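Below is one structure, written out as structure tokens; the observations come after it.
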Amino acid sequence: MAAPAVTVFRDVRPYGAERAVDLVAVDGLLVDRIPEGAEPEVVDGAGRIALPTLVDAHIHPDKTAWGEPWYSRRPAGSLPEYVRGDVDLHRHQRTPLAERAHRLLAHAVASGTRAVRAHVDVAPAFGLAGVTGLAEVRERLAGALDLQLVAFPQHGVRRTPGAGALLAEAAASGLIDAVGGIDPAGFDGGADGEGPAQLDLVFDLAERYGLRLDVHLHDRGDRGLAPLRDIAARTRAAGLAGRVVVSHAFCVPELGGERLDELAALLAGSGVGLTTVAPSAHQVLPFRELRAHGVRVGLGSDGVRDSWSPFGNADMLHRAHLLGWTTDARTDEELAACFALAADGGAELLDLPRATLEPGSPADFMLVSGECLPQVVVDLPPRELVVRAGRVVARDGRYLGGPAGGAAPVE
């Protein structure tokens with residue numbers, strides 16, 4: 003029997019605690035003491051703060067131009083115009099999709115991300131190139147990053163002939179973890195306005211192939227709320243609690259008081275989760291109220307330097323910072339809640355164990371210099387060391403190529 007892999011991360015301050023401790027990792031988990039007879043590797047944390055690594059619950063790495071020559075975007079003011087921009091950028095790109103996505107997600111690891119849910123476009127304009135490309139990236143980053151793939155019909159399945167068949171092909175491929183949808187009453191409602199037709203398809207695929215479901219919902223007002231309630235009812239009827247997520251859900255921030263309480267109770271009772279990307283003060287989900295009702299809520303990067311926007315960096319600590327900015331977080335508790343959404347919220351949404359820095363927790367954390375957690379969220383210090391399953395996978399913003407390289411001292 004092989005000896006356990008033991009690493010001691012000495013003199014670190016979990017969550018910025020005043021008193022420094024040692025974190026002991028054995029075969030990827032934190033334990034309360036060094037096993038008898040073990041000869042551990044030792045990493046000197048030099049009093050740095052230890053924080054859980056983060057989970058990006060919503061990102062589109064197939065579309066990224068991050069690291070590529072500058073691309074000048076055309077004006078766009080509607081969903082169809084943005085979708086046409088995706089096709090234009092796709093044709094403009096010269097670096098293969100898998101290489102661009104790997105570059106971006108390796109950077110995400112170096113920035114302190116341990117898992118992502120990646121939405122990849124499935125449409126006649128692209129075929130299944132995004133699915134196969136991201137499946138390749140998943141293999142290359144195995145051990146450093148957990149990567150869930152969502153086959154996402156960005157162009158709609160009712161408004162784009164052939165998209166539904168491609169979505170079914172992706173579902174049958176064994177390469178994806180979830181099937182996606184988009185605005186079943188608005189953008190993809192069809193000429194007859196029969197929004198439920200899209201939901202019929204995607205729920206059928208999820209049930210038939212044992213997949214999760216993640217639906218983009220940009221529509222506001224009743225055109226967004228009606229499909230959201232329909233998704234909750236279908237989720238309950240199909241026994242898919244905990245396996246269905248609605249992304250963005252811009253109709254929810256419009257609610258308040260009893261209407262928000264009623265919707266939150268419906269979502270919690272049916273097991274439907276939500277993701278937000280903190281795009282603006284009026285579009286960010288009221289995550290504190292939702293989580294207080296038992297609704298699972300995650301945080302994501304969304305697009306990263308794609309045709310929709312020149313902004314984005316796949317850095318989830320920066321995303322927690324933006325969440326604090328857009329929600330006017332001021333107190334330490336409010337800033338810590340923004341970090342928790344990026345760490346615990348995403349883990350719950352993706353059904354991953356929480357990284358609590360306690361014995362029994364995954365040995366997934368990062369070391370940063372700073373005073374305390376709220377200050378880290380505001381000042382965004384460099385991620386000096388990123389640890390996955392007890393092994394160092396990134397140092398000083400540089401991905402090291404996986405967990406096999408072993409621990410390394412911090413200078």
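Heads up: the sequence shown begins at 3 in the numbering used here, then just goes up one per residue. All C-beta atoms in this analysis are idealised placements derived from N, C-alpha and C, irrespective of residue type, glycine included. All of these numbers come straight from a predicted model, not from anything done at the bench.
According to the neighbour-count rule (16 or more other Cβ atoms, all chains shown, within 10 Å of its Cβ), is Val85 buried or exposed? buried
Is it the case that the region 299-311 contacts the region 272-286, given that we only count it when at least three CB pairs across the two stretches are under 8 Å? yes
Environment of Asp346 [buried if 16+ CB atoms lie within 10 Å]: buried
Pro42 versus Ile36: straight-line alpha-carbon distance, rounded: 8 Å
What is the residue span of the alpha helix (DSSP H) that Asp123 lies within? Not the alpha helix (DSSP H): Asp123 falls in the beta strand (DSSP E), residues Thr115 to Asp123.
Would you check if the region 58-67 and the region 366-385 touch, i.e. whether three or more CB-CB distances between them fall below 8 Å? no
I'd like to check one pair, Ser309 with Leu91: are the Cβ atoms closer than 9 Å? yes
Out of Ala67, Glu256 and Val204, point me to the one whose CA is closest to Val247's CA. Val204
For Leu227, I'd like the list of residues in its chain whose CB is within less than 6 Å of its CB, leaving aside the five on either flank, ordered along the chain. Cys253
Ala406 to His284, Cα distance in whole Å? Residue placement at Ala406 is flagged as unreliable, the pLDDT there being 43, under the threshold of 50; a coordinate-derived value is accordingly withheld.
Between Val412 and Ile233, what straight-line distance do the alpha-carbon atoms span, to the nearest angstrom? With a pLDDT of 42 at Val412, under the threshold of 50, the modelled position of this residue cannot be trusted; read the value that follows with caution. Whole-angstrom Cα-Cα distance: 48 Å.
With burial defined as no fewer than 16 other Cβ atoms inside 10 Å of the residue's Cβ, what is the status of Thr115: buried or exposed? buried
If you draw a straight line from the C-alpha of Gly403 to the C-alpha of Ala270, how long is it? 39 Å
Candidates Arg75, Glu264 and Ala125: which alpha carbon is nearest Ala167's? Ala125
Give me the Cα-Cα distance between Arg332 and Glu141, rounded to the nearest whole angstrom. 41 Å
Inspect the CB distances between the region 334-348 and the region 313-323 and report whether three or more fall short of 8 Å. yes
Let me know the secondary structure DSSP gives Ala410 once reduced to three states. Annotation note: pLDDT 43 at Ala410 (below 50); position unreliable, no value reported.
Where Asp334 falls, given that 16 or more other Cβ within 10 Å makes a residue buried: exposed
From which residue to which residue does the alpha helix (DSSP H) around Thr237 run? Gly223 to Ala240
Taking the Cβ atom as the reference point for each residue, do Val8 and Val26 lie within a distance shorter than 9 Å? yes
Leaving aside the five residues before and after Phe289 along the sequence, list all residues of the same chain whose C-beta is less than 6 Å from its C-beta, in chain order. Val299 and Leu343
Distance between Leu107 and Asp317 (C-alpha atoms, nearest Å): 10 Å
Taking a contact to mean a Cβ-Cβ separation below 9 Å, would you say Gly94 touches Val139 in this structure? Note that residue 94 is His in the sequence shown, not Gly. No, the pair does not count as a contact, with Cβ atoms beyond the cut-off.
Identify the continuous beta strand (DSSP E) that holds Asp398 and give its terminal residues. No beta strand (DSSP E) holds Asp398; DSSP gives it neither H nor E.
I'd like to know if Asp206 contacts chain B, where contact means its C-beta is closer than 9 Å to some C-beta of that chain. Of the chains in the structure shown, none is chain B; there is only one protein chain.
From Ala409 to Leu213, what distance separates their C-alpha atoms? Reliability fails at Ala409, whose pLDDT of 42 lies under 50, so the model's placement of it is uncertain and no value is given.
Environment of Asp190 [buried if 16+ CB atoms lie within 10 Å]: buried
Other residues of its chain near Ala240: CB distance less than 7 Å, five sequence neighbours each side excluded: Phe205 and Glu209
For Leu352 and Arg102, I'd like the C-alpha separation in whole angstroms. 24 Å
Restricting to Cα atoms, I'd like to know which of Ala19, Glu291, Thr237 and Pro229 is closest to Leu257. Glu291
Integer Cβ distance of Ala243 from Gly273, believed to fall under 8 Å: 3 Å
Determine the DSSP secondary structure at Phe154, reduced to helix, strand or coil. strand
Which residues in the same chain as Ala117 place their Cβ atom closer than 8 Å to its Cβ, once the five residues preceding and following it in sequence are excluded? Val57, Asp58, Leu147, Asp148, Leu149, Gln150, Gly348, Ala349, Leu352 and Leu354
Under 9 Å between the Cβ atoms of His295 and Ser249? no
Could you tell me which residues DSSP pairs with Ser249 in its beta bridges? His218 and Thr277
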